[in-house]
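To start, the structure itself, in structure tokens.
Numbering (my numbering), first residue to last: 632 to 916.
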């Protein structure tokens with residue numbers, strides 16, 4: 632990682648700590664993500680993720696003026712993390728990004744009382760502010776991948792149904808020329824494909840195999856045969872290539888999902904897949 636990025640983000644952290652010490656309602660703050668990890672640490676394009684615990688969370692979500700204490704923002708807006716937690720995303724001059732995940736203080740109190748470790752602490756965390764002097768109770772003794780939900784037959788069947796349902800809907804949008812809608816739904820299909828790729832990797836390598844989250848480091852953990860097929864699964868903004876990519880996607884999904892079903896002795900809903908494939912074949916001209 633270049634020294635400039637390290638120094639700039641270190642300065643952001645320093646300014647945040649100096650400011651947060653003067654604000655009573657901010658009781659604790661931590662750095663998580665790549666700038667706290669030893670496994671796959673930050674690179675030149677990594678942002679800074681700060682988790683705040685405050686007795687006034689809505690104030691920091693509704694008003695962006697406070698981020699000026701950290702640097703010179705270009706833009707700032709409220710969003711949510713992949714896990715649904717509220718956050719304020721900030722882009723500062725120079726293209727530097729800092730994401731503030733904002734939690735209520737009572738959530739920190741509950742975790743300290745029960746000594747429960749937040750999921751996003753497991754891979755790495757650094758303490759910036761700890762006014763309670765108690766956060767050591769929720770810092771992992773060692774860093775490792777968090778526990779991931781294990782596959783079961785009911786969940787597997789649910790995903791298979793969702794995939795083929797969404798695939799047929801997307802095929803219809805492609806055929807009627809609704810390319811924007813089709814591309815939006817293709818994103819849903821790819822999320823379902825990603826989950827199946829994670830399960831496929833685990834059936835090959837074991838339940839403890841690390842598939843990260845949200846497709847991170849996919850080129851490292853996904854099997855080579857999946858990566859080869861996946862390269863054909865993204866199409867252009869036109870009917871012909873989008874349909875080609877959709878067919879490549881459903882072929883890959885079918886192959887790995889049936890492998891999982893066979894390996895785990897699940898009943899695969901063959902009739903659903905056949906019905907969708909037959910419909911697409913009959914109508915694609």
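Just so you know, even glycine gets a beta-carbon here, dropped at the ideal spot from N, CA and C.
Treat the numbers as computed from the prediction; the structure is a model and nothing was measured.
Query raised in the report: Under the criterion of a Cβ to heavy atom distance below 7 Å, does residue 637 qualify as lining the ligand SAM?
Result: The ligand SAM is not part of this structure, which contains no ligands at all.
Query raised in the report: Can you list, in chain order, the residues of its chain whose CB lies under 8 Å from that of residue 771, leaving out five sequence neighbours each side?
Result: Excluding residues within five positions, the ones whose Cβ falls inside 8 Å are 748, 752, 753, 756.
Requested in this report: Identify every run of the alpha helix (DSSP H) within the stretch 664-741, keeping only runs that are complete inside it and at least 4 residues long; order them along the chain.
Outcome: Within the stretch 664-741, the complete alpha helix (DSSP H) runs of at least 4 residues fall at 688-693.
Requested in this report: Would you kindly check if the distance between the Cβ of residue 773 and the Cβ of residue 659 is under 8 Å?
Outcome: Against a cut-off of 8 Å, the Cβ pair of residue 773 and residue 659 comes out as no contact.
Requested in this report: Pull up the DSSP beta-bridge partners for residue 761, would you.
Outcome: In the DSSP output, where bridge partners are listed per residue, residue 761 has 659.
Report task. Taking residue 909 as part of the alpha helix (DSSP H), name the residues at either end of that continuous run. Result -> In the DSSP assignment, residue 909 falls within the unbroken alpha helix (DSSP H) covering 901-914.
Query raised in the report: Near residue 854, what residues of its chain come up, given a Cβ to Cβ distance below 8 Å and the 5 sequence neighbours on each side ignored?
Result: Cβ-Cβ distances below 8 Å link residue 854 to 831, 832, 835 in the same chain, with the five nearest sequence neighbours on each side left out; the list follows chain order.
Query raised in the report: residue 921 lies in the alpha helix (DSSP H); which residues open and close that run?
Result: What is shown of the chain runs 632 to 916, which leaves residue 921 out entirely.
Requested in this report: May I ask you to list the residues that DSSP assigns as paired with residue 756?
Outcome: Bridge partners of residue 756: 663.
Requested in this report: Within its chain, find whatever has a CB closer than 8 Å to the CB of residue 882; leave out the 5 residues flanking it on each side and keep chain order.
Outcome: 860.
Query raised in the report: Between residue 857 and residue 760, is the Cβ-Cβ spacing less than 8 Å?
Result: It is not a contact, given that the beta carbons lie outside the stated cut-off.
Query raised in the report: Under 8 Å, do residue 816 and residue 840 count as touching if we go by C-beta distance?
Result: No, these two residues do not count as a Cβ contact at 8 Å.
**Report entry** Three-state secondary structure (DSSP) of residue 844
**Finding:** When DSSP states are grouped into helix, strand and coil, residue 844 belongs to the coil group.
Query raised in the report: Do you know offhand how far residue 762's Cα is from residue 733's?
Result: Cα-Cα distance, rounded: 16 Å.
Query raised in the report: Looking at C-beta atoms only, is the number of pairs between the stretch 666-686 and the stretch 784-798 that lie closer than 8 Å three or more?
Result: At 8 Å Cβ cutoff, the stretches do not touch.
Query raised in the report: Can you give the Cα-Cα distance for residue 715 and residue 709, rounded to whole angstroms?
Result: Taking the Cα positions, residue 715 is about 12 Å away from residue 709.
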